[in-house]
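To start, the structure under review is shown below, and the notes come after it.
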Amino acid sequence: MRKLLVIIIALAATVPAFTQTSPPVKKKKFNLGNRTGDHFMVQVSKDSWTGAADSVSSRIKGFSKGFNAALMLDLPFKSNQRFSAALGLGVGTSSIGFKKTIVDISAQTPKLPFLAVDTVNHYKKFKLTTAYLEIPLELRFTANPETPAKTFKAAIGLKLGTLVNAHTKGKTLQNGSNTTINSLTQKITAKNYFNSTRLAATARVGYGYFSIFGSYNLTTMFKDAVAPDTKLLQIGLTISGL
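Residue 240 is where the sequence shown starts when you use the working numbering, and the numbers rise one by one after that.
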């Protein structure tokens, strides 16, 4: 028992000596003089709706598109300069195209009308556009902050937005036989069917100034009971570091 106690005391005495002789792990310091920090971001996307009624989804046509732009303040972490947080201000737009359909956003009915107009007068091109003023927030990773144009980048985040505009636009009036009647363009602006705020989750991954991004609404586009729980999904290209 006495021998065991002596061994334990001897081992305990070696621990401080070992810790004193072990060199501390040094964190790598980067020269961030050339870091752009992705302060300005531009995004173009292919847009789609999830949760919409089948009768609506089947009438979405062509390449529905989106455009986002934001000015960001990038704040590298002192503890690890590969990571940073970014906060900014931007705009986000989405245009969903429809075939032989009128979305009557100026109606006064309890539910938003999506009117099929296959056999009557209709617009050759018809789209619904929304625009938001947004506050984006990102947690970012840059593999080599010293060479931002030649390194792997990734980010996850959230966007909080307020609706500033919602409108429909129809171009080129045609009859039920698809014969052009005139080149009329009609634009209607109304926001009463839409939720005034939205929250979206975002992610992007890429190399240098280019990355692939995704954005998905966590809130619904339309007010309760106006339409099914429709949410916007955007997938596209980000150009950053400008």
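Think of the CB as a built atom: it goes at the ideal place given N, C-alpha and C, for glycine as much as any other residue.
Bear in mind that the values here come from a model prediction, so they are computed numbers and not experimental data.
Here's the rule: buried if 16 or more other CB atoms are within 10 angstroms of the residue's CB, otherwise exposed. What is residue i?
i	result
residue 468	exposed
residue 286	buried
residue 260	Per-residue confidence for residue 260 stands at a pLDDT of 49, beneath the threshold of 50, marking its modelled position as unreliable; no derived number is given.
residue 345	exposed
residue 394	buried
residue 473	buried
residue 316	exposed
residue 391	exposed
residue 420	exposed
residue 415	exposed
residue 328	exposed
residue 471	buried
residue 387	buried
residue 477	buried
residue 325	buried
residue 293	exposed
residue 284	buried
residue 431	exposed
residue 417	exposed
Under DSSP, the beta strand (DSSP E) around residue i begins and ends at which residues?
i	result
residue 479	470 to 479
residue 359	It is not in any beta strand (DSSP E) - residue 359 carries neither H nor E in the DSSP assignment.
residue 450	449 to 456
residue 313	304 to 315
residue 286	279 to 289
residue 444	436 to 446
I'd like to know whether the C-beta atoms of residue i and residue j end up nearer to each other than 8 Å.
i	j	result
residue 438	residue 412	no
residue 340	residue 305	no
residue 452	residue 369	no
residue 351	residue 466	yes
residue 236	residue 367	The requested residue 236 does not occur in the structure, where the chain is confined to residues 240 to 481.
residue 475	residue 282	yes
residue 410	residue 364	yes
residue 337	residue 299	yes
residue 441	residue 450	no
residue 296	residue 335	no
residue 307	residue 330	yes
residue 349	residue 464	yes
Tell me where the alpha helix (DSSP H) around residue i begins and ends.
i	result
residue 422	Not the alpha helix (DSSP H): residue 422 falls in the beta strand (DSSP E), residues 419 to 428.
residue 403	Unbroken run through residue 403 is the beta strand (DSSP E), 391 to 413; no alpha helix (DSSP H).
residue 293	293 to 296
Query raised in the report: With contact counted as at least three CB pairs below 8 Å, one residue from each stretch, are the segment 305 to 313 and the segment 347 to 359 in contact?
Result: no
Query raised in the report: Could you give the uninterrupted runs of the beta strand (DSSP E) lying entirely in the segment 323 to 348, keeping only those of 3 residues or more?
Result: 340 to 342
Report task. Could you say if the segment 406 to 423 and the segment 432 to 448 meet the contact criterion of at least three C-beta pairs nearer than 8 Å? Result -> no
Query raised in the report: Are the segment 375 to 389 and the segment 321 to 330 touching by the rule of at least three beta carbon pairs closer than 8 Å?
Result: yes
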